[in-house]
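Asker: Shown below is the structure under consideration.
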Amino acid sequence: MNDMTLSPASAEALAPSALAMVPFVSVGDMMRLVNAAGIETVLRDLAAYIEADFRRWPEFDKTPRIASHSREGVIELMPTADAETYGFKYVNGHPGNTRTGHQTVTAFGMLAAVATGYPLLLSEMTLLTALRTAATSALAGRLLAPEGAEVMALIGNGAQCEFQALAFRALCGIGTVRLFDIDPAATAKAARNLRAQGFEVVCCRSAEAAVEGAQVLTTCTADKQYATILTDNMVGAGIHINAIGGDCPGKTELHPDILRRAAIFVEYPPQTRVEGEIQQLAPDHPVTELWEVLAGRAEGRCDARQITLFDSVGFAIEDFSALRYVLDRVRAGAAHLPLDMLADPDDPRDLFGMLRRAGAAGPASAVSGRDAP
Ligand SMILES: NC(=O)c1ccc[n+]([C@@H]2O[C@H](COP(=O)([O-])OP(=O)(O)OC[C@H]3O[C@@H](n4cnc5c(N)ncnc54)[C@H](O)[C@@H]3O)[C@@H](O)[C@H]2O)c1
């Protein structure tokens with residue numbers, strides 16, 4: 114705040130009030146939070162928050178996300194609410210972005226109090242999306258992967274890749290990853306990062322080679338077209354597939370024959386039927402909702418030979434849970450910046466008067482959210 118022209122007393126009077134302030138968690142703060150706690154601890158904690166919210170699924174307002182498509186990608190808003198808290202995330206998906214030094218996926222989001230509509234938290238969500246996506250995948254993996262799974266194929270070695278590996282180690286006991294990407298530089302990057310984290314890493318020359326000996330197959334590629342990352346012959350009995358890259362109309366990763374052999378688990382059918390792998394199937398093809406398995410209302414993996422598929426697209430409740438976790442950390446003292454985000458006139462109906470009086474008090478007071486004296 115530029116308060117050089119104000120006396121200390123008037124500067125204090127113009128300081129934003131408590132009601133004007135919203136905690137903001139920047140990318141730097143998020144990195145501090147994750148590195149201080151340890152990433153696998155954060156992934157386990159996020160999975161616990163997501164599980165707790167999935168178990169009370171009927172309490173949430175739910176809607177498929179609102180997508181704005183363009184030739185280059187998609188921009189989406191993902192809202193949800195329970196009786197007390199409202200949340201939303203802004204997120205994009207632009208598969209060509211990395212060619213110009215941009216991320217494929219960036220995001221930010223917020224929580225607000227349902228009772229007043231006042232924001233409670235504003236947060237970066239690019240890192241948080243990678244963390245919550247991986248935590249959700251591993252939560253599904255814990256229910257669906259074959260017993261004793263130790264090896265995972267990771268096809269697509271971009272931004273999400275290492276987070277997926279770490280979540281599957283933290284929650285499912287995966288210790289070996291078999292990597293493939295059409296861009297060898299992406300595989301080299303992931304191999305370097307994951308070896309440094311203590312993984313056994315095998316770099317493969319093809320997707321076919323990557324799936325050899327793996328009990329879990331994770332696909333996290335980015336392509337705007339229908340892609341076939343896995344064909345039917347690549348998926349043997351007993352495999353669990355964690356498909357996260359097919360998450361838009363026209364953007365899929367699996368051959369439809371795989372889907373016909375698999376027990377399919379989804380987040381929210383009205384969204385997944387439009388965006389997920391199952392957009393390739395009839396609209397009434399049977400699927401199981403993940404929350405029902407977590408709540409003990411439906412079965413997960415039934416036998417050792419079953420092929421299971423988590424057709425992940427990412428749903429708003431996962432972001433809500435992740436933001437809830439971050440807000441709890443902020444309340445427990447995690448680093449954040451209090452943002453002067455909400456106008457707070459002394460008389461709530463005199464917003465205009467607040468503006469006028471701030472103008473009369475000089476240019477410095479224009480930065481204040483609180484009524485001028
Ligand atoms: N389900 C979810 O909740 C969720 C959340 C976040 C991201 N995603 C999706 O996950 C995907 C990966 O995201 P990201 O941030 O890691 O993207 P990214 O662009 O950083 O990485 C994608 C990688 O896939 C590779 N690739 C593309 N086509 C391939 C192919 N045919 N075979 C092997 N590799 C291939 C690219 O070379 C790149 O390295 C995106 O499609 C994104 O939309 C889903």
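Sequence positions in the sequence shown follow the numbering used here and run 114 to 486. Think of the CB as a built atom: it goes at the ideal place given N, C-alpha and C, for glycine as much as any other residue.
1) With a floor of 3 residues, list each beta strand (DSSP E) that falls wholly inside the segment 197 to 274, ordered by position along the chain.
2) Mind pulling the beta strand (DSSP E) runs of 3 or more residues that sit fully within the segment 440 to 471?
3) To which residues of the same chain is Glu275 closer than 8 Å at the C-beta, ignoring the five residues directly before and after it?
4) Would you call the CB atoms of Met134 and Pro362 closer than 8 Å?
5) Short of 7 Å in beta carbon distance, which residues of its chain neighbour Glu237, apart from the five on each side in sequence? Order them along the chain.
6) Considering Met347, what are the terminal residues of the beta strand (DSSP E) in which it resides?
7) Does the beta-carbon of Pro486 have 16 or more other beta-carbons within 10 angstroms, so that it is buried, or is it exposed?
8) State the Cα-Cα distance for the pair Val147 and Ala301, rounded to the nearest angstrom.
9) Which value, in whole angstroms, describes the spacing of the CA atoms of Gly288 and Glu263?
10) Just confirm the distance between the C-beta atoms of Leu234 and Leu440, as a whole number of angstroms; I'd bet it's less than 8 Å.
11) Which residues does DSSP pair with Cys361 in a beta bridge?
12) Assuming Val155 contacts Gly254 (C-beta within less than 8 Å), just tell me the rounded distance between them.
13) Is there contact here, the segment 290 to 298 with the segment 264 to 272, by at least three beta-carbon pairs under 8 Å?
14) Which of the three DSSP states is assigned to Cys333 in this structure?
15) Could you tell me whether the Cβ atoms of Pro252 and Ala356 are closer together than 8 Å?
16) Suppose you measure from the CA of Thr242 to the CA of Ala473; what does that come to, to the nearest Å?
17) Kindly indicate which three-state DSSP category Thr300 falls into: helix, strand or coil?
18) Could you tell me if the beta carbon of Pro136 falls within a distance shorter than 7 Å of some heavy atom in ligand 3?
19) Name the DSSP beta bridge partners of Ile420, please?
20) Measuring CA to CA, which of Met454, Ala435, Ile152 and Ala417 is closest to Leu284?
Answerer: Taking the structure as given:
1) Runs of the beta strand (DSSP E) inside the segment 197 to 274: 198 to 206, 220 to 226, 232 to 237 and 264 to 268.
2) If only uninterrupted beta strand (DSSP E) runs of at least 3 residues are considered, those enclosed by the segment 440 to 471 are 450 to 453.
3) Ala303, Asn306, Leu307 and Gln310
4) no
5) Cβ within range, chain order: Val138, Ser139, Val140, Met143 and Phe221.
6) Note, Met347: premise wrong, no beta strand (DSSP E); not H, not E.
7) Interpretation of Pro486 is limited by its pLDDT of 46, a score under 50 that renders its predicted location unreliable; the figure taken from the coordinates is listed afterwards. So Pro486 counts as exposed.
8) 24 Å
9) 6 Å
10) 5 Å
11) Lys364
12) With 8 Å as the limit, Val155 and Gly254 do not qualify as a contact, their Cβ atoms being about 17 Å apart.
13) yes
14) Residue state, collapsed to three classes: coil.
15) According to the sequence shown, residue 252 is Leu rather than Pro. Between Leu252 and Ala356, the C-beta spacing is not below 8 Å.
16) Put simply, the backbone Cα of Thr242 is about 44 Å away from that of Ala473.
17) helix
18) Among the ligands present in this structure, namely ligand 1, ligand 3 is not found.
19) Ala375
20) It is Ile152 whose Cα lies nearest to the Cα of Leu284.
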